[in-house]
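Inspection log for the structure reproduced underneath, given as structure tokens.
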Amino acid sequence: MNTLRIAGGQVLRPDATVEDADVLVDRDEGTILDIGADLDAEADETLDAEGCLVTPGLVNAHCHVAMTLLRGYADDKPLDAWLREDIWPAEGALTPEDVRVGAELGLVEMIKSGTTAFADMYFHVPEVADAVAEAGLRARLGHGVVTLGKDDEDARADIDESLDVAREFDGAADGRIRTAAMPHSLTTVAEEYLREFVADAHDEGIPVHYHANETTDEVDPIVDERGERPLSYAKDLGMLTDDDFLAHGVHVDDAEIDLLAEAGTGVVHCPASNMKLASGMAPVQKLLDAGVTVGLGTDGAASNNDLDMFDEMRDAAMLGKLAADDASAVAAPDVVRMATAGSADAIDLPGGALEVGGAADLAVVDLDAPHLTPANDLVSHLAYAARGSDVRHTVCDGRVLMRDREVLTLDEDAVMARAREAVASLRERV
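full-length UniProt numbering applies: residue 1 is where the sequence shown begins, and numbers increase by one.
Shown next as structure tokens:
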């Protein structure tokens, strides 16, 4: 057996308690063998966790990872204008090579901030899948479909590509990649296509992921044209099942929250993006109280503008209190769970908790910093004070992806250099 020992630290357990313990990993199987004091000192490899907190790897449950190339490209505009005037024209000029380097840049950023799994909606998905395979993370990937402004032939081609990608790449990267069918939203894919697309996906056991209720501009047209709320429409289309998950859920009413709870459909909260685009404040505490599975995501780097899930936890806690007008709402343990087990459950990937027999996906957070001193409450520190740059080591599927801040699976400097070159060329083309 090939083993890895994370030694000398404290460990965050699934019940949000912290204990002094080592973690012993079976690197061949990618699972946790044991958690306890003074474990096998003869392990094949040891990571020093002294002065650190060992946490589950963070799970970014909704992003567009290659949009790192558009970080700072267009800011301070509402969602619809931002998309139509800036983002979609730039994305129209992206090549497969651009998407590859943008994905690699995002994966380096995630590894360096303790994220071990993510869900991604984009295009040129084979490039993203190859990058994930090389980087060593887990992912649920899908080709995003938009039929708005397309003729029937092009719309159906887009749908076919999404289904083909879902079939081809499910189980890739030694099983670390899973897939989903990904219609962009309830308003950017026409009903006739949505019905067929969703039915075909579910017939093949493919889950569906989409944006919903992100802004009032997405909600009002459906209410005006159909006389029903968006998630009632989604239910009619078959898009609310316990395999499906949606992003944002900002403008959901009580009846829609009940629909989500009854269906078991996960919701991915993206607080930084929602604030930056002035989309609104999601009723996260209401969702949690109703028993809805709530995960956490960064959205794309163009609307965040980073992929640091520690930032996202802090944003979720702060915004959740404002939305509920209650300082006790969306408490620190809630957001830590959202960024780990909640996200893993929402996108149905392994990980999210450190337990024997579970996935060996973890981050080692260095506590030796002024902003993490004193250690009165380490769960509080994760939610309110820690930063991605505090992560010392990152492990996914039993493989060390970063050791002592050095990414081992991708060449960080080379990736950044290629990203700069790609953006310079992109700006000229746009």
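C-beta atoms are modelled at their ideal positions from N, C-alpha and C, and glycine is treated no differently. Small disclaimer: the values here were computed from a predicted structure and weren't measured.
* Taking Met309 as the reference, give the member of Thr298, Met402, Ala363, Asp366 with the closest Cα. => Closest option to Met309, judged by alpha-carbon separation, among Thr298, Met402, Ala363, Asp366: Thr298.
* Let me know if Thr373 comes out buried or exposed under the rule of 16 or more other beta-carbons within 10 Å of its beta-carbon. => exposed
* **7 Å Cβ shell around Gly144 - same chain, five flanking residues per side excluded** => Met121, Tyr122, Phe123, Met182, His184
* To do: Count the C-beta pairs between the region 358-374 and the region 54-63 that are closer than 8 Å, then say yes if the count reaches three, no if not.
  => The region 358-374 makes contact with the region 54-63, as at least three CB pairs between them are under 8 Å.
* Taking the Cβ atom as the reference point for each residue, do residue 447 and Val268 lie within a distance shorter than 8 Å? -> Look at the range of the chain in this structure, 1 to 430, and you will see that residue 447 is not part of it.
* Asked: In whole angstroms, what separates the C-alpha of residue 471 from that of Ala117?
  -> Nothing can be reported for residue 471, as the shown portion of the chain is limited to 1 through 430.
* In the DSSP assignment, find the beta strand (DSSP E) that holds His211 and state where it starts and stops. => 209-212
* Asked: Per DSSP, what kind of secondary structure is Tyr122 in: helix, strand or coil?
  -> strand
* Can you tell me which of the three DSSP states Arg229 falls into? => In the structure shown, the three-state DSSP call for Arg229 is coil.
* **Classification of Met1 by the beta-carbon crowding that lies within 10 angstroms, buried from 16 upward** => exposed
* Gly57, DSSP secondary structure in three states -> In the structure shown, Gly57 sits in coil (DSSP, three-state: anything other than H, G, I, E or B).
* Enumerate in chain order the residues of its own chain whose CB-to-CB distance from Met239 is below 6 Å, with the five nearest sequence positions on each side excluded. => Contacts found: Val198, Val208.
* To do: Taking 8 Å as the cut-off, decide whether the C-beta atoms of Ala369 and Met338 are in contact.
  => no
* On the three-state DSSP scale, how would you describe Leu4? -> strand
* CB of Ala212 within 8 Å of CB of Leu231, strictly -> yes
* Could you tell me the distance, in whole angstroms, from the CA atom of Pro89 to the CA atom of His64? => Near 16 Å, if we compare the C-alpha coordinates of His64 and Pro89.
* Asked: How should Val128 be labelled, buried or exposed, when 16 other C-beta atoms within 10 angstroms of its C-beta is the threshold for buried?
  -> buried
* With a cut-off of 8 Å, do at least 3 Cβ pairs link the region 73-83 to the region 129-143? -> No: the two stretches stay apart, fewer than three of their Cβ pairs being nearer than 8 Å.
* Check whether the Cβ of Leu83 lies closer than 8 Å to any Cβ atom in chain B. => As a matter of chain content, chain B is missing from the structure shown, which is built from one protein chain.
* Bounding residues of the beta strand (DSSP E) (the contiguous stretch that carries Arg100) -> Per DSSP, Arg100 belongs to no beta strand (DSSP E); it is in the alpha helix (DSSP H), 96-112.
* Asked: Which word fits Thr216, buried or exposed, when buried means at least 16 other C-beta atoms lie within 10 angstroms of its C-beta?
  -> Exposed, because fewer than 16 other Cβ atoms sit within 10 Å of the Cβ of Thr216.
* Does DSSP put Arg399 in a helix, a strand or coil? -> Strand.
* Report yes if the CB atom of Ala332 is closer than 8 Å to the CB atom of Val379, and no otherwise. => yes
* Asked: Residue range of the alpha helix (DSSP H) that Gly320 falls in?
  -> 309-324
* **8 Å contact criterion, which Val165 and Gly142 should meet: CB distance rounded** => 7 Å
* Asked: From Asp236, Asp244, Val189, Ser279, pick the residue whose C-alpha is nearest to that of Val252; which is it?
  -> Ser279
* Helix, strand or coil: which one does DSSP assign to Ser279? -> The answer is coil: DSSP assigns Ser279 none of H, G, I, E or B.
* To do: Going by DSSP, name the residue or residues bridged to Gln10.
  => Asp20, Leu53
* Asked: Would a C-beta distance cut-off of 8 Å place Thr179 and Arg138 closer than the cut-off?
  -> no
* Are the region 39-56 and the region 18-29 touching, with three or more C-beta to C-beta distances below 8 Å? -> These segments touch.
* Could you round the C-beta distance between Gly102 and Ala66 to whole angstroms and report it? I think they count as a contact, below 8 Å. => 3 Å
* Asked: Ala61 and Leu401 look like a contact to me (Cβ under 8 Å); what is the Cβ gap, rounded to whole Å?
  -> That belief does not hold up - the Cβ atoms of Ala61 and Leu401 are roughly 19 Å apart, past 8 Å.
* **Spatial neighbours of Asp326 in its chain, beta-carbon cut-off 8 Å, leaving aside the 5 residues before and after** => Excluding sequence neighbours, Asp326 sits near Gln285.
* Supposed close pair Arg383, Met281 - CB separation, criterion 8 Å -> In the sequence as presented, Arg is not what sits at residue 383; that position holds Ala. Not a contact, Cβ separation roughly 18 Å.
* Asked: In the structure shown, what three-state DSSP assignment does Ser328 receive?
  -> coil
* To do: Taking Asp152 as part of the alpha helix (DSSP H), name the residues at either end of that continuous run.
  => 152-169
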